[in-house]
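Report on the structure given below.
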Amino acid sequence: MSDTETLPRSTVANSLASPQPRRKLNPTIKIVLGQIAVVGLWLGSWEWMSGRLIDPFFSSSPSAIGQQLVEWFRTGSIWPHLLITLQEFSVGLLVGSVVGVLVGFTLGRLPTTAAVLNPFVTVVYSMPKLALAPLFVLWFGIGFGSKIVLVALISFFLVFYNTFTGARDVDPLYINSLRIMGANRLTIYRRVVIPSAAVWVMTGLRIAVPQAVIGAVVGELISSNQGVGYIIANAGAFFNTTGVLAGVALVACVSVLLSQLIIVLERWATRWKQG
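Quick note on numbering: the UniProt record's numbering labels position 77 of the sequence shown as 77, and the sequence is numbered without any gaps.
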């Protein structure tokens with residue numbers, strides 16, 4: 001009698017019926033694959049429709065846009081303009097964020113002063129910042145200054161409001177505990193207020209980064225002789241749809257990369273909370 005015949009039939013049946021455990025796909029990988037699929041479907045549909053259903057003069061195509069980007073980087077013609085835009089973005093974001101954090105922390109811990117200034121801050125915040133770009137050009141010229149002021153103004157309010165909320169909503173129990181132990185104001189800020197508000201500050205930065213990039217590019221679109229915004233405006237003046245969309249795609253990629261950098265910085269700055 002063979003070995004298989006000596007086994008009980010129920011055991012053989014159970015071994016055949018019981019499915020092997022499936023290895024679950026990592027959720028992050030699933031999300032990335034889904035995003036790649038969406039982008040691939042979108043670009044594929046766009047490429048197919050261009051020249052068939054839509055005139056390429058109005059829509060261009062992903063392949064033509066890709067060729068334009070490759071040409072810009074191959075010749076190096078885009079680098080000076082990209083660096084100018086990044087400089088305007090970096091300086092404006094730095095100035096606006098630093099001032100926003102300082103003012104946010106100050107007013108967050110001074111409720112009476114915050115209540116007095118609230119209507120005036122709200123009025124300025126309600127103004128469309130991009131609409132002020134022509135005014136900044138009149139005040140500061142078409143050069144570096146007008147773009148920095150615009151980016152700084154956009155960044156300031158986004159960082160300020162988040163910092164203000166974080167500093168205002170610190171649990172008073174922690175503050176009172178330190179006061180009982182004899183801590184001074186500087187120690188309270190260093191040990192409680194700043195760490196507690198760090199999450200809010202980084203959230204404000206994460207929101208401010210793409211808006212700051214847009215501010216720099218819009219400032220260049222309005223009046224400039226350099227920068228990615230200038231490249232886009234110049235392409236539009238010659239009805240070069242591919243050049244316009246290539247510039248827009250470049251701005252989008254830069255914005256995404258900078259946003260991811262802020263997310264990494266946020267994880268580092270708030271690692272105490274995760275621990």
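All C-beta atoms, glycine included, are put in the ideal place defined by N, C-alpha and C.
All values derive from a computational prediction rather than experimental measurement.
In summary, Met181 is exposed, with fewer than 16 beta-carbon neighbours lying within 10 Å of its beta-carbon over all protein chains present. A residue is called buried once 16 or more other Cβ atoms fall within 10 Å of its Cβ, and Gly166 is buried on that count.
For Arg109, no alpha helix (DSSP H) segment is defined, and its DSSP state is neither H nor E.
In this chain, the alpha helix (DSSP H) harbouring Ser63 covers 62-75. Distance from the CA atom of Leu158 to the CA atom of Arg52, rounded to whole angstroms, is 44 Å. DSSP places Ser223 outside both helix and strand once states are collapsed to three, so it counts as coil. The three-state reading of DSSP puts Ile54 in strand, counting E and B together. A direct Cα-Cα distance of roughly 27 Å separates Gln260 from Ala233. For Ile154, the number of other beta carbons within 10 angstroms of its own is at least 16, and it is reported as buried. Ile78 carries a coil assignment under DSSP once its states are collapsed to helix, strand and coil. Secondary structure note for Asn162: its alpha helix (DSSP H) is the uninterrupted segment 144-168.
Measuring C-alpha to C-alpha distances from Phe105 to each of Thr113, Phe164, Gly92, Ala115 identifies Phe164 as the nearest. Between the alpha carbons of Ile263 and Gly227 lies a gap of roughly 26 Å.
Within its own chain, the residues whose Cβ lies closer than 7 Å to the Cβ of Phe57, once the five positions on either side in sequence are excluded, are Thr241, listed in chain order.
Gly243 counts as buried, since at least 16 other C-beta atoms from the protein chains shown sit within 10 angstroms of its C-beta. The Cβ neighbour count for Asn162, taken over all protein chains shown within 10 Å, is at least 16; the residue is labelled buried. Rounded to whole angstroms, the Cβ separation of Ile175 and Ile194 is 12 Å, and the two are not in contact under 8 Å.
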